[in-house]
Each structure stands twice: as structure tokens, then as C-alpha cells.
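Residue numbers (the numbering used here): 4 to 120.
We put the CB at the ideal spot given by N, CA and C, even for glycine.
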Amino acid sequence: MEQLSGGQKARVCFASITCRTNHLDIESVEALIDALKRFKGGLVLVSHDARLIQASGCDLWLCEAQERLVKVNSFADYRRQVLKDLRVRQELAEREAARRAVLRQKRRAEMLAKRKV
Numbered sequence: 004m005e006q007l008s009g010g011q012k013a014r015v016c017f018a019s020i021t022c023r024t025n026h027l028d029i030e031s032v033e034a035l036i037d038a039l040k041r042f043k044g045g046l047v048l049v050s051h052d053a054r055l056i057q058a059s060g061c062d063l064w065l066c067e068a069q070e071r072l073v074k075v076n077s078f079a080d081y082r083r084q085v086l087k088d089l090r091v092r093q094e095l096a097e098r099e100a101a102r103r104a105v106l107r108q109k110r111r112a113e114m115l116a117k118r119k120v
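Written out as C-alpha cells, the structure reads:
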């Protein structure tokens with residue numbers, strides 16, 4: 004490390020903190036949170052770990068429809084919106100399933116009526 008230039012050291016440092024956090028145990032996530040709290044520079048954190056996101060204390064940006072970034076007020080607001088969207092999608096799916104069930108019943112009744120004739 005001593006012989007690396009400042010830019011090279013920065014890249015090594017960046018590479019060391021851009022590891023995947025998918026499979027970190029609780030202690031490792033806690034250590035990462037502590038390190039992020041002490042870190043004075045800028046970084047981009049991409050994670051699905053709610054605890055890590057909340058503890059980072061950073062601005063939260065949402066990639067919407069794979070097209071644009073939207074700043075989110077807080078993680079709690081984001082979570083509420085996701086849960087609301089899921090409820091709406093679930094209701095739509097249930098209505099569609101009920102509609103299809105009615106259509107199936109009508110088709111069965113029509114087939115049975117044709118067989119009786």
C-alpha cells in the first residue's frame with residue numbers, strides 16, 4: 004500500500020467497502036455500520052438490508068421504473084409506500100382471480116348444459 008498513489012489507494016479502499024452485503028452475519032453488518040458512521044467521505048451504498056440502510060443515516064434515493072432516481076424523505080416513508088403498493092397489487096390480483104373463477108364456472112355450466120341437450 005505504501006507504494007500506491009493516492010488514486011490507487013482510493014480505489015483499493017473503495018473496492019474494500021464495495022463488497023456484497025447479502026450474506027453478512029449480524030456482527031459483520033454491525034461492524035460495517037460502525038465503520039460507515041466513522042467514515043467522513045462520500046459513498047454509494049446499495050443494499051437490501053433495512054437495518055444497514057436505516058443506520059447509514061444517508062440520503063435515500065429510489066430507482067423508479069429503472070428510469071429515474073427519486074429522493075425519498077425517510078426509510079419509514081419508503082417502507083409505508085412499498086407496503087401500500089403491495090396491498091393494492093394483492094387486491095388487484097384477488098379481484099382478477101375472482102373474475103377468472105366466475106368465467107370458469109360459467110364455462111363449466113355451459114358445457115354441462117350442452118351435454119344434457
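Counting along the chain, no alpha helix (DSSP H) covers residue 7, and no H or E run does either. Boundaries around residue 95 are those of the alpha helix (DSSP H), 78-119, since no beta strand (DSSP E) includes it.
By the neighbour-count criterion, in which 16 or more other beta carbons inside 10 Å mark a residue as buried, residue 77 falls on the exposed side. The shortest CA-to-CA distance from residue 59 to any of 35, 99, 92 is the one to 35.
Under the three-state reduction of DSSP, residue 32 is assigned to helix. Secondary structure at residue 27: coil, using DSSP grouped into helix, strand and coil. Secondary structure note for residue 55: its alpha helix (DSSP H) is the uninterrupted segment 53-59. Of the candidates 62, 87, 5, 86, 62 places its Cα closest to the Cα of residue 47.
Each residue's CA atom was taken as its position, placing residue 28 and residue 37 some 14 Å apart. In the three-state reduction of the DSSP assignment, residue 72 falls in the strand class. In terms of CA proximity to residue 32, 50 leads the group 44, 50, 43.
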